[in-house]
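Asks: To start, I am sharing the structure in question, which I have written as structure tokens.
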Amino acid sequence: MSANRGVSLSLLAVVVMLGGAGGAAAVPAVLTHQGVVAVGGARFTGPGAFRFALVHADTNAYLWVNDGSVVVHPVAPTNAVSLTVVNGAYNVRLGDNAVPNMTGIPLSLFNANDRVVLRVWFDDLRGHGVRVLAPDLPVVTVPFSQYAAVSGSVNIPGTNTGAVVVAGTGDVKVPAGLDVAGPVTGVGFGAWDTVAANDVTTGTVFSGDVSGVYNATVVGDDSHTHGDSTVADAITINNGVLFAPSFGGNVGIGTIAPTRRLQIVGGDLQFENTSDFGRSIGNAYDLQFILDTDNDSTDAWFRVGTNNFAVEQLRIVDGDEASILGDGSFVSNGLDYAEAFKVLDGEGDLEAGDVVSLAVGQWEYCRRTVTGYDAQLLGVVSERPGFVCGMSFDAEEAIDPALTATRNDAFARHDSVEAKRITMEMGARMAAAHRPIALTGRVPCKVDGARGRIRAGDRLTSSATPGHAMVQTRAGQSIGIALEDWADASRGSVMVLVQPGWHEPAGPSSPGVEATSPSVEVFEGTDVLDENGSVWVTLPATSAVDAAAYGYQLTPVGGAAALYVAERVRDGKFRIAGGTPGLEVSWQVRRSVR
6 MSANRGVSLS LLAVVVMLGG AGGAAAVPAV LTHQGVVAVG GARFTGPGAF RFALVHADTN
66 AYLWVNDGSV VVHPVAPTNA VSLTVVNGAY NVRLGDNAVP NMTGIPLSLF NANDRVVLRV
126 WFDDLRGHGV RVLAPDLPVV TVPFSQYAAV SGSVNIPGTN TGAVVVAGTG DVKVPAGLDV
186 AGPVTGVGFG AWDTVAANDV TTGTVFSGDV SGVYNATVVG DDSHTHGDST VADAITINNG
246 VLFAPSFGGN VGIGTIAPTR RLQIVGGDLQ FENTSDFGRS IGNAYDLQFI LDTDNDSTDA
306 WFRVGTNNFA VEQLRIVDGD EASILGDGSF VSNGLDYAEA FKVLDGEGDL EAGDVVSLAV
366 GQWEYCRRTV TGYDAQLLGV VSERPGFVCG MSFDAEEAID PALTATRNDA FARHDSVEAK
426 RITMEMGARM AAAHRPIALT GRVPCKVDGA RGRIRAGDRL TSSATPGHAM VQTRAGQSIG
486 IALEDWADAS RGSVMVLVQP GWHEPAGPSS PGVEATSPSV EVFEGTDVLD ENGSVWVTLP
546 ATSAVDAAAY GYQLTPVGGA AALYVAERVR DGKFRIAGGT PGLEVSWQVR RSVR
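With the numbering used here, letter number 572 in the sequence shown gets 577, and the count goes up by one each step, no holes.
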């Protein structure tokens, strides 16, 4: 068994001096002792039994023992003081009557004896027995005798006036600055100096209030407890632990008044490894996560899991066009699926509820409808879509390539504030140039009641009133189904279930049901769109009947699409377009036989 005790000798002497203020002979002294104990070369952790004695260095005579028992060298005191040892470190107030098995230390002991040492015995309570720790620790008594000589002050060599003022019991106040030119070693705060290599020695534990600014702190062992302290330069931990053990304490980086357990102001939190540089969490965007800082699109997954990651809940994978995977449903308060379309020049006032159609020849654009039964009817401008395609990063970056390059330069020089400002401008420009067009789902839709009363369940189509729908009374492209009545002969808005496609109203003989009399032939089937997003469909039988006699119903399978009849029936076939390659389309064609 061995012990490595870091004890501040000069501070011990000052404690003795303070204990004697205002009647030294009557007031017992209290000595603070701190040390480190190891068993078998390893720092000990757990409860231990300690025994202490103040011994005359020359005669080995016991001057004081912790429990007051009558014993002589080399016998240990009878009763032990129970202390908890953490990572080898222990702390005790010798002479404190409040500690079980501890008696007071008379101040007269130090006046009568000038060569006093502290002897410590230790029992790890694990069967190794009581062992004496070596060597004994000398206790310097010069400051005490100086205290008695000057009646209230300690004259520090090299000064002309008393610089240490005793106030109350156990407090030492230094009214001016304390300048230490060399190493200070000993108990507690004593292991501090202005040389970085000697700043903290093994076994030192800072306790209480040690407020101040310290130079280039180096933590040399596994753990230290700092009270209220400010470090000017850096704390380096070599194979150790830095911790804030108090449940009420906060740690601040960039702030001297942290309000959270860990608070970072004016900077990022960065994690580094050896394989792919760093990952950082920044606050310029409220909360910004950056992975793969070497920009090679590898090792940059962002993952969220639970049950110690037995269940993966969310994943954003590698690559510039990163995919998002989830282990559940995407839930939104929006009620429709929308795709982003650009707005034609002159139609910047296009707003939610407007009925729009395709701008033929400009596949990225839509336009406000201005005619009834528009053949290129597309959808309705969404008010609050649940899902939007085409309004993300690519759309932002394409709106102004020069501005995008400026933003990327700000990212490269780590100017997050400027990068955020430019990104917000890019987003605003993108939103002004695009509109989310509902292709399926429920949305408010502008209607014109002057063109016919609308009842819930009626099919709606475009009208000659710009951007407004009306009740559909003949075959043609439909925008969807009205979910509310509109009886006024005025303009307004109703909730509509968007279902773009061809619709042929029911015949008069069967209200509410499409005609299937012998005078109507119905052809139906499914086909898959080719790499161009279109497909030619061949009907089961050819007909010489004029193409205008055919009605069409197109339904996308497995997704939403703005399908339309690109070419009407000719020579027994017609062409479908408007979807993504590989999309399955269910179609139905009705032919009137006259």
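Where is the CB? At the ideal position from N, CA and C, for every residue including glycine. Fair warning: this is a prediction, and the values are worked out from it, not measured in the lab.
Going by DSSP in three states, residue 335 sits in which element: helix, strand or coil?
Replies: Looking at residue 335 - three-state DSSP - the assignment turns out to be coil, as it is neither helix nor strand.
Asks: Please work out which residues of its chain come closer than 6 Å, Cβ to Cβ, to residue 101, disregarding the five sequence neighbours upstream and downstream, and give them in chain order.
Replies: Contacts found: 35, 107.
Asks: Note down, in chain order, each residue of its chain lying with its Cβ closer than 7 Å to the Cβ of residue 473, except the 5 sequence neighbours on either side.
Replies: Same-chain partners within the cutoff: 360, 451, 452, 453, 496.
Asks: Taking the CB atoms as reference points, tell me whether residue 41 and residue 122 lie closer together than 8 Å.
Replies: Not a contact, by the Cβ cut-off of 8 Å.
Asks: List the residues that DSSP assigns as beta-bridge partners of residue 476.
Replies: According to DSSP, residue 476 bridges with 465.
Asks: At what residues does the beta strand (DSSP E) containing residue 572 begin and finish?
Replies: It spans 569-575 - the beta strand (DSSP E) in which residue 572 sits, taken as one unbroken run.
Asks: Tell me whether residue 113 is buried or exposed, calling it buried when 16 or more other Cβ atoms sit within 10 Å of its Cβ.
Replies: Burial call: exposed.
Asks: Please determine, among 378, 439, 484, the residue with the shortest C-alpha to C-alpha distance to residue 399.
Replies: Ranking 378, 439, 484 by Cα distance to residue 399 puts 439 first.
Asks: Determine, using beta carbons only, whether residue 505 and residue 383 come nearer to each other than 8 Å.
Replies: Cβ distance < 8 Å, so residue 505 and residue 383 count as in contact.
Asks: Grab the span of the alpha helix (DSSP H) containing residue 427 for me, first residue to last.
Replies: Note, residue 427: alpha helix (DSSP H), 421-438.
Asks: In this structure, what does DSSP give as the bridge partners for residue 94?
Replies: Answer is 41, 91, bridged to residue 94.
Asks: Based on Cα-Cα distance, which residue from 87, 570, 69, 579 lies nearest to residue 380?
Replies: Checked all of 87, 570, 69, 579; the closest Cα to residue 380 is 570.
Asks: If residue 501 and residue 544 are in contact, beta carbons under 8 Å, what's the gap, nearest whole angstrom?
Replies: Contact flag wrong, Cβ pair sits at about 32 Å.
Asks: For residue 507, write down the residues that DSSP places opposite it in a beta bridge.
Replies: In DSSP, residue 507 forms a bridge with 482.
Asks: Give me the DSSP bridge partner(s) of residue 557.
Replies: Bridge partners of residue 557: 594.
Asks: Using beta-carbon positions only, say whether residue 449 and residue 373 come within less than 8 Å of one another.
Replies: No, the Cβ-Cβ distance between residue 449 and residue 373 is not below 8 Å.
Asks: Have a look at residue 507 and residue 350 and give me their C-alpha separation to the nearest angstrom.
Replies: The alpha-carbon atoms of residue 507 and residue 350 are separated by roughly 29 Å.
Asks: Between the alpha carbons of residue 318 and residue 336, how many angstroms are there, rounded?
Replies: Going from the Cα of residue 318 to the Cα of residue 336 covers about 14 Å.
Asks: Helix, strand or coil for residue 566, going by three-state DSSP, please let me know.
Replies: In this structure, residue 566 counts as coil in the three-state DSSP scheme.
Asks: Put residue 49 into one of helix, strand or coil per three-state DSSP.
Replies: Three-state DSSP puts residue 49 in coil, outside helix and strand.
Asks: Below 8 Å on the Cβ atoms is my guess for residue 482 versus residue 555; work out the distance and round it to an integer in Å.
Replies: About 14 Å; that fails the 8 Å criterion.
Asks: Assuming residue 55 contacts residue 88 (C-beta within less than 8 Å), just tell me the rounded distance between them.
Replies: Sure, about 5 Å apart at Cβ, within 8 Å.
Asks: Assuming contact is defined by CB atoms lying nearer than 8 Å, are residue 457 and residue 487 in contact in what I supplied?
Replies: Not a contact, by the Cβ cut-off of 8 Å.
Asks: Which residues bound the alpha helix (DSSP H) around residue 113?
Replies: Segment 113-117, the alpha helix (DSSP H) holding residue 113.
Asks: Taking the straight line between their C-alpha atoms, what separation do you get for residue 404 and residue 416?
Replies: Answer to the nearest angstrom: the Cα atoms are 18 Å apart.
Asks: Buried or exposed: which applies to residue 468, given that a residue is buried once 16 or more other Cβ atoms fall within 10 Å of its Cβ?
Replies: Looking at its Cβ environment, which holds 16 or more other Cβ atoms inside 10 Å, residue 468 is buried.
Asks: In whole angstroms, what separates the C-alpha of residue 227 from that of residue 268?
Replies: Note that residue 227 has pLDDT 44, beneath the 50 cutoff, so the model's placement of it is unreliable and no number is given.
Asks: Give me whichever residues DSSP pairs with residue 540 in a beta bridge.
Replies: The partner list for residue 540 (beta bridge, DSSP) reads 581.
Asks: With DSSP collapsed to three states, give me the class of residue 404.
Replies: In the structure shown, residue 404 sits in a helix (DSSP, three-state: H, G or I).
Asks: How long is the line joining the alpha carbons of residue 3 and residue 256, rounded to whole angstroms?
Replies: Residue 3 lies beyond the stretch modelled for the chain, which goes from 6 to 599, so this question has no answer here.
Asks: Below 8 Å CB to CB, which residues in the same chain sit around residue 104 once its five sequence neighbours on both sides are set aside?
Replies: The answer, listed in chain order, is 86, 97, 98.
Asks: Does the separation of the CB atoms of residue 342 and residue 446 fall below 8 Å?
Replies: For residue 342 and residue 446, yes; Cβs fall inside 8 Å.
Asks: Quick one: Cα of residue 411 to Cα of residue 427, how far?
Replies: Approximately 8 Å, taken between the alpha carbons.
Asks: Please state whether DSSP places residue 445 in a helix, a strand or coil.
Replies: In the structure shown, residue 445 sits in a strand (DSSP, three-state: E or B).
Asks: Starting from residue 123, trace the beta strand (DSSP E) in both directions and tell me its first and last residue.
Replies: Start and end: 121-128.
Asks: Could you check whether residue 582 and residue 363 sit closer than 8 Å to each other, using their CB atoms as the reference points?
Replies: The answer is no: Cβ separation not under 8 Å.
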